[in-house]
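Protein chains: 2
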Amino acid sequence: MKLARYLTILEWGRGYGGVTLTNDLVAAAIVTIMLIPQSLAYAMLAGLPPEIGLYASILPIIAYALFGTSRALAVGPVAVISLMTLTAASAVAAPGSAEFIAATLVLALLSGLILIVMGVLRLGFLANLLSHPVVSGFITASGIIIATSQLKSLLGIKASGEALPELVTTLIENAKDTNPYTLAIGVIATGFLFWVRKGLKPMLVGFGLAARPADLVAKAGPIVAVALSILAVIAFDLEAKGVKVVGDIPQSLPPFTVPLFDAELWQRLAVPALLLSIIGFVESVSVAQTLAAKKRQRIVPDQELIGLGAANVAAAFSGGYPVTGGFARSVVNFDAGAETPAAGAFTAVGILLAALFLTPLLASLPIATLAGTIIVAVLSLVDFKTPRAIWHYSKADFAAMAATIAVTLLIGVEPGVMAGVGLSLALFLWRASRPHAAIVGRVPETEHFRNVKRHKVFTDPRILTIRIDESLTYLNARWLEEFVLEEIAAHPKLKHLILMASAVNAIDASALESIEAINHRMADAGVCLHLSEVKGPVMDALERAHFLHELTGRVWLSQNEAFEAVLEIANREEETQTPTDLWMARGLI
Amino acid sequence: MKLARYLTILEWGRGYGGVTLTNDLVAAAIVTIMLIPQSLAYAMLAGLPPEIGLYASILPIIAYALFGTSRALAVGPVAVISLMTLTAASAVAAPGSAEFIAATLVLALLSGLILIVMGVLRLGFLANLLSHPVVSGFITASGIIIATSQLKSLLGIKASGEALPELVTTLIENAKDTNPYTLAIGVIATGFLFWVRKGLKPMLVGFGLAARPADLVAKAGPIVAVALSILAVIAFDLEAKGVKVVGDIPQSLPPFTVPLFDAELWQRLAVPALLLSIIGFVESVSVAQTLAAKKRQRIVPDQELIGLGAANVAAAFSGGYPVTGGFARSVVNFDAGAETPAAGAFTAVGILLAALFLTPLLASLPIATLAGTIIVAVLSLVDFKTPRAIWHYSKADFAAMAATIAVTLLIGVEPGVMAGVGLSLALFLWRASRPHAAIVGRVPETEHFRNVKRHKVFTDPRILTIRIDESLTYLNARWLEEFVLEEIAAHPKLKHLILMASAVNAIDASALESIEAINHRMADAGVCLHLSEVKGPVMDALERAHFLHELTGRVWLSQNEAFEAVLEIANREEETQTPTDLWMARGLI
């Protein structure tokens, strides 16, 4: 049972057979047809030879099937991770070179190890640092960069750069070299693929096909574009007219590769690998959760880390490059009826057969067609509705999103992610450093205490009650000191301060230090500190710290009890005068 | 008035005269006597010529007096900042070299600019990242390193290293070269200074002196040690016997210096300058707040940033090195009766006179005496009580403290601070990612709802109420999704889920996205989502996001109202059967 937690195949493998097998086989066939052009295209986007895209779609899928918790997730090369791989590996070698390919293997291995370590140490919560607006902004910006970068293949020209400014400049500079045949193929292929995506399904439905099969046929559109453009290249001898093609692809099993163990290279790729891993994980888990919820299945995020980590390690040792769970292919897999990860394993076999037998057919495939495939795929990632909605909902969230989009577009993908994460965290810490708190008074003829600014309530000039609405931590401890001391300075008649702690779930060591300081400073000023509605665990902690012996006032069970008792003490204090009497009146000596 | 916020002299300068002037002058005289040996010693600790310690105690004090908000804070060289300066500048040049001195000027300027920018942008909250246990651990570890490093001067040998392992190794290796005369002076001076600190005051009080003057006389102890050891060196011609002395100190006004504007140097010193600035700020503000509270004065932390920043900029342009508010000298200043920052200005004049006229007398001052001054001063920073108290109070806080101490001692000061800040933040984020929440039921015959695990409460299998005890943010949004979906999976009879939001002060865009996902996924499962006790600002935000139109259930003012109404709906649902009827029973269509 314990083993089954890590090796999930032991769970779904029991009782596998018949109907499930058929469903999985059908789904695998459809996904395989979709994956062949996509794998080639994404490898090209990552600056790698096309066959590497196929290799990255074989063993990683099987590794995920063994360890992952999603039953429908399809793992392999995806657009954003391919772009991040290109960026990271370009920093250490020229795209396409042997060193570049070696760097992508190291990236896959590092990424796999990072994910596995995070999974084993249950560090999945670190992915929370990527807020929804940051991820959404990053994906949109990456989509724009990818689509722009593919224009060069569509025009048959050269362009370079990881961010928009250089990309656009080099595209404009080289636009004069546009090859008309390449452009024609590219535009036709892209147009066809857009139509397949938007118009084919309604047409098929119009012809009487049911919605689901119509949808699945439409997903096979790219393979048609591939086939037609190969035929066009051969028929009109376009290669001689300057149309660039994929060229010879080796017919081979995935090679066994061993990533370089070079300390300096590992160091330089560590941060990119971390970013790439977390982005890949966040995207993959969100796809997996959406699909699992539809069938009331459960995703275990920490185990997903291990599954994706295993997939990347497998990629590193089988001539692949970094992979993650892809949105489009997973949805197709799910819609095609995949029931278990075995569907993924069958897909792997399909791609393996393609790598062994179909590659000669692909030699004349124009690169412009692959560029079209990429453009159509990534434009669906570009989302302008979410920024508008977030702008209306929260300006802080919008700021984090806008920073992510702007930095990603203008500087690059890694600075973009880091800017978004950094700004979100800074805004969060800023807000955490000034928690909600209110001065409260008693609602007449009730036992309820409400904010004096919003309600007509009863207060007494000698007593001040501050309701603290959040846990007290080192981030807001200094704020508490300042707030309390300012309130005391502003209320010259004050004799008793009650901190109403009904919403305080925890007090850390820094905040305890601050409360002790407040207690001492107030004692100097002749003001007594009381606590009310302290929660059980907080009370235990305060007792452990011996704070309750130092407290000048008392801890009261309810705020109403505190207010009534302290009011009585204050009245008795008015009657007595000497300092000792004062403290006796308080019942404290 | 607006100007007075930044230039605080305009506030305390009004009505200055008579008694205040006398008090300030007395305090200045006492602090000056204390500061002369200390300034020389700390400059030496920082790897700088001794006169630089004097220069750092002149203009920076005046700059702080103009802009700072504390009336008693005494600014100048301090032990921990001197150690951090040594560490940072050693990374770019050999201690004592011209390049090293240039680097310390750049450090002071960078530190000043960082503090001023933080003050103007009101980024003082970033100092919150240094929790109390981390600062306390860092100070203790720094004290141990400083004391250990001074043993070399006490023995008259060489030693090197920024952390304990190298320091101790080199001390042991070179111990055979110990100079007996140096050791004698060092041990006697250190012993004398310890006695002055612990034994002199009680003795003076025994002789009939009042406590306060006895305390102040005891503070002048170091100057006596300085004078006696100079006499000993001259009388016994110890310099010829290998006792190292301070040597010729130029008689000069602070020189006008212009820090190097070298982009690469600035880049390399930026992070050390940031750490040094924040450590200095945190320490200084805590001293200033403690002293201000005793006289019911107010410290404005963001303005303190500007005051300390101005002091460091002044240090950079007057041949100094990084400074901050010192604990010991500020307490002496306060106890000696300083009433306004003018006391600081008078101290500056005192040190200026010392730099001009007293330096020739100091040529024969043995370095071992200065080392003794430093050792006695820093050992008071070493605190083993706090770690024990924190261990009992909170294991997480103790972990952050222990990591800070261990990394500082074993690796160095900068990694030490960063380890502490990083671990505190990681632990905070980990806790923030799994907020407090409880399943609640109604306490019989009341309107109160309490945790089902702790109280005997009434619940219904068709209705589940989850009380969320914290604001919903991107850090805990994924946790909320997982928690709710697991609870739904665990309660097969469930028809209605109520999220009781009485402690939710805010919902950010990521958490809203999660609640929307929960709402949709629950609708698929035929479970209705309700909210209760939603606070005003949260309600406004949910309305702005149009979420309330999508919500399958309703928002109820109070939890009791929600529970009763939903119970009634659930009862009506039992009587009807078809899905449409179900939704009608819920009053939702």
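Residue numbers (UniProt numbering), protein chains in the order written: chain C, 1 to 589; chain P, 1 to 589. For every residue, glycine included, the Cβ atom is placed at its ideal position computed from N, Cα and C. As the structure is a computational prediction, the values presented were derived from the model and not from experiment.
Give the single residue among the options whose Cα lies nearest to the Cα of residue i.
i       : options                            : result
A273(P) : I36(P), T104(P), E550(P)           : T104(P)
R434(C) : L54(P), G124(P), S70(P)            : G124(P)
A232(P) : R212(P), P222(P), S364(P)          : S364(P)
V313(C) : Y16(C), A541(C), V106(C), V484(C)  : V106(C)
R462(P) : L567(P), W266(P), P77(P)           : L567(P)
R321(P) : A338(P), F256(P), Q297(P), T369(P) : Reading the sequence as shown, one finds Tyr at residue 321(P) and not Arg. Nearest of A338(P), F256(P), Q297(P), T369(P) to Y321(P), Cα basis: F256(P).
T178(C) : T373(C), L151(C), M203(C)          : L151(C)
I157(C) : I144(C), S70(C), P180(C)           : P180(C)
I114(C) : V135(C), G18(C), F281(C), I33(C)   : F281(C)
D469(C) : K535(P), I498(P), I405(P), A517(P) : K535(P)
A293(P) : E482(C), W556(C), A79(C)           : E482(C)
L121(P) : D302(P), A517(P), V271(P)          : D302(P)
A501(P) : V527(P), Y474(P), P537(P)          : P537(P)
I569(P) : G553(P), E487(P), D397(P), P95(P)  : G553(P)
V413(P) : S57(P), L171(P), E162(P), L308(P)  : E162(P)
So with Cβ pairs under 8 Å, would you call residue i a contact of chain C?
i       : result
E470(P) : yes
S510(P) : yes
D237(P) : no
Y474(P) : yes
I390(P) : yes
L11(P)  : Per the sequence shown, the amino acid found at residue 11(P) is Glu instead of Leu. So, not an interface residue.
A501(P) : no
N312(P) : no
T140(P) : no
K493(P) : no
I589(P) : Model confidence at I589(P) stands at a pLDDT of 41, short of 50, so the residue's coordinates are unreliable and nothing is read from them.
R544(P) : yes
Helix, strand or coil for residue i? Go by DSSP, reduced to three states.
i       : result
P60(C)  : helix
G119(C) : helix
S532(C) : strand
I411(C) : coil
I9(C)   : helix
L75(P)  : Per the sequence presented here, residue 75(P) reads as Val, with Leu not at that position. Here V75(P) sits in strand by DSSP.
P213(C) : helix
V246(P) : coil
I589(P) : Low per-residue confidence applies at I589(P): pLDDT is 41, beneath 50, and the placement is therefore not dependable, though the value from the model is reported in the following sentence. Looking at I589(P) - three-state DSSP - the assignment turns out to be coil, as it is neither helix nor strand.
G344(C) : helix
T369(C) : helix
A46(P)  : coil
F384(P) : coil
Taking only beta-carbon atoms, is residue i less than 8 Å away from chain P?
i       : result
R478(C) : yes
H455(C) : no
D383(C) : no
S229(C) : no
W556(C) : no
R521(C) : yes
Taking 8 Å as the threshold, find out whether the stretch 282 to 297 of chain P comes into contact with the stretch 240 to 252 of chain P through three or more Cβ pairs.
no
Let me know the beta strand (DSSP E) ranges lying completely inside the UniProt domain "STAS" (453 to 566) of chain P, each 3 residues or longer, listed in chain order.
Taking 3 residues as the shortest admissible run, the UniProt domain "STAS" (453 to 566) of chain P contains the following complete beta strand (DSSP E) segments, listed from N- to C-terminal end: 463 to 468, 496 to 500, 528 to 532.
Counting pairs of beta carbons, one from the stretch 252 to 269 of chain C and one from the stretch 351 to 363 of chain C, are three or more of them closer than 8 Å?
yes
Segment contact, 8 Å Cβ cut-off, at least three pairs: the stretch 491 to 498 of chain P with the stretch 258 to 266 of chain C
no
Check whether the stretch 439 to 454 of chain P and the stretch 478 to 486 of chain P are in contact - that is, three or more C-beta pairs closer than 8 Å.
no
Residues of the stretch 121 to 132 of chain C in Cβ contact with chain A at a cutoff of 9 Å, in chain order, please.
In summary, chain A is missing from the structure at hand, where the protein chains are C and P.
Should the stretch 12 to 28 of chain C be called in touch with the stretch 38 to 49 of chain C, which here means at least 3 C-beta pairs below 8 Å?
no
Three CB pairs or more closer than 8 Å across the stretch 337 to 349 of chain C and the stretch 82 to 98 of chain C
no
The stretch 330 to 337 of chain P / the stretch 63 to 77 of chain P touching (three or more Cβ pairs under 8 Å)
yes
With a floor of 4 residues, list each alpha helix (DSSP H) that falls wholly inside the stretch 146 to 176 of chain C, ordered by position along the chain.
164 to 174
Please give the ranges of any alpha helix (DSSP H) in the stretch 307 to 362 of chain C, keeping only runs that are unbroken, at least 4 residues long and fully inside the region.
Listed in chain order, the complete alpha helix (DSSP H) runs (minimum 4 residues) inside the stretch 307 to 362 of chain C are 327 to 335, 342 to 353.
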